[in-house]
Amino acid sequence: MSHSSSTILRIAQISDTHIGDTHAFVQGIDVRNNFLRVLKTVKEETVDLLVFSGDLAAYQGERGAYQFIAEAMRDYELPWCCISGNHDITSEMVKGLNLTPPIKNDSYYYQLKIKERSLFFLDSSPGVVSTSQLLWFKEEASCIKEDVLLFVHHPPCLCHHRFMDAHYSMRNRDEVQKTLNEVENLHHIFTGHYHADMIVLMGDKNVYVTPSTQMQLDCDSVDFKIASLQPAWRLIEWAKDSLKTSVHFL
331 MSHSSSTILR IAQISDTHIG DTHAFVQGID VRNNFLRVLK TVKEETVDLL VFSGDLAAYQ
391 GERGAYQFIA EAMRDYELPW CCISGNHDIT SEMVKGLNLT PPIKNDSYYY QLKIKERSLF
451 FLDSSPGVVS TSQLLWFKEE ASCIKEDVLL FVHHPPCLCH HRFMDAHYSM RNRDEVQKTL
511 NEVENLHHIF TGHYHADMIV LMGDKNVYVT PSTQMQLDCD SVDFKIASLQ PAWRLIEWAK
571 DSLKTSVHFL
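For the sequence shown, the positions run 331 to 580 when the working numbering is used.
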């Protein structure tokens, strides 16, 4: 079935930029240049929304990281939004990027409606998604007849990534899975965190892990091992009755 461009919601997802406080390389990688290269590519696409899905900062919410991103986004004319990752300090991110809506219950979570489609964004920056967020999401999604999309930094399930599953997986994933599985109009969940390109089936829901603009990790290694230095981003094309997504490496 063909769809007119007006009915397709096109979303770019950029994840795990790990921008440092200064122009110095992070783990030997020019993360600022990688970010700018990916952003330039996204600008050449016709997207309705750009999502930064966490770990914008390199280590622990460096203010210089958010200042750099804010400056880079100054002339970006289309809608964009953020969620927080475990290397972000949410209050610094919201302040540095002048984000709305405000933080509530010590978390940064919200809903957007674009082209009559509903998107939800949860905060997993502490390594968990709070119960208050889960209750809010379940209640809000139940008021919507159509399918919804969800963005959250940590995958809500194990992903067959030996290093990340063992050391940095979402800590309350059982609670999160229970709630998400009760949301019948949720079928697609977009995440980052694992520095890899993966699709994992969680019940009847697809969990998409989006690779990093910094570097990618070896999924088969039990230790921290870089698999590639290629930065990447994800394109999501969401029609009324279908969804397509593709990952683009530079």
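Here a beta-carbon is modelled for each residue, glycine too, at the ideal position from N, C-alpha and C.
Beta-carbon contacts of residue i that lie in its chain and below 6 Å, excluding the five residues immediately before and after
| i | result |
| --- | --- |
| residue 338 | 567 and 569 |
| residue 364 | 543 and 561 |
| residue 361 | 348, 349 and 544 |
| residue 462 | 435 |
| residue 391 | 418, 419 and 422 |
| residue 540 | 343, 345, 522 and 564 |
| residue 340 | 377, 378 and 567 |
Bounding residues of the alpha helix (DSSP H) (the contiguous stretch that carries residue i)
| i | result |
| --- | --- |
| residue 569 | From DSSP, residue 569 is part of no alpha helix (DSSP H); its letter is neither H nor E. |
| residue 399 | 393-402 |
| residue 423 | 420-426 |
| residue 464 | 461-472 |
For residue i, the first and last residue of its enclosing beta strand (DSSP E)
| i | result |
| --- | --- |
| residue 448 | 447-451 |
| residue 382 | 379-383 |
| residue 516 | 516-521 |
| residue 441 | 440-444 |
| residue 528 | 528-532 |
| residue 558 | 556-558 |
| residue 538 | 535-539 |
| residue 411 | 410-413 |
Nearest neighbour of residue i, chosen from the options [CA to CA]
| i | options | result |
| --- | --- | --- |
| residue 468 | 422, 580 and 439 | 439 |
| residue 388 | 409, 517 and 414 | 414 |
| residue 383 | 451, 576 and 580 | 451 |
| residue 472 | 528, 546 and 510 | 510 |
| residue 302 | 575, 528 and 435 | Residue 302 lies beyond the residue range present for the chain, which begins at 331 and ends at 580; the question has no answer from this structure. |
| residue 504 | 429, 345, 474 and 488 | 488 |
| residue 545 | 402, 493 and 358 | 358 |
| residue 346 | 578, 524, 553 and 552 | 524 |
| residue 549 | 573, 532, 497 and 506 | 497 |
| residue 442 | 521, 411 and 547 | 411 |
| residue 447 | 530, 436 and 573 | 573 |
| residue 424 | 402, 449 and 393 | 393 |
| residue 459 | 506, 426, 386 and 539 | 506 |
| residue 428 | 397, 437, 456 and 416 | 397 |
| residue 470 | 456, 356 and 515 | 515 |
| residue 466 | 513, 578 and 577 | 513 |
| residue 456 | 531, 502, 577 and 355 | 502 |
Cβ-based burial, residue i [other Cβ within 10 Å; buried from 16]
| i | result |
| --- | --- |
| residue 404 | exposed |
| residue 604 | Because residue 604 is not part of the residues shown, which for the chain are 331 to 580, the question remains open. |
| residue 421 | exposed |
| residue 486 | buried |
| residue 432 | exposed |
| residue 418 | buried |
| residue 479 | buried |
| residue 552 | exposed |
| residue 444 | exposed |
| residue 331 | Any answer about residue 331 is weak, because its pLDDT of 38 lies below 50 and its placement is not dependable; what the coordinates show is given next. Label assigned to residue 331: exposed. |
| residue 409 | exposed |
| residue 395 | buried |
| residue 437 | buried |
| residue 449 | buried |
| residue 531 | exposed |
Cutoff 8 Å; reference residue i; Cβ partners in own chain excluding five residues on either side
| i | result |
| --- | --- |
| residue 342 | 372, 375, 377, 379, 380, 381, 563, 564, 565 and 566 |
| residue 406 | 369, 373 and 380 |
| residue 589 | A question about residue 589 goes unanswered here, because the residues of the chain that appear run from 331 up to 580. |
| residue 352 | 394 |
Beta-carbon contacts of residue i that lie in its chain and below 7 Å, excluding the five residues immediately before and after
| i | result |
| --- | --- |
| residue 454 | 482, 483, 484 and 500 |
| residue 517 | 477, 534, 535 and 536 |
| residue 367 | 561 and 580 |
| residue 426 | 393, 396, 397 and 400 |
- [ ] Can you check the stretch 337-376 for any alpha helix (DSSP H) of at least 4 residues that lies completely inside it and give the ranges in chain order?
- [x] 361-373
Task: Minimum length 3: unbroken beta strand (DSSP E) runs contained in the stretch 474-518 - done: 478-481
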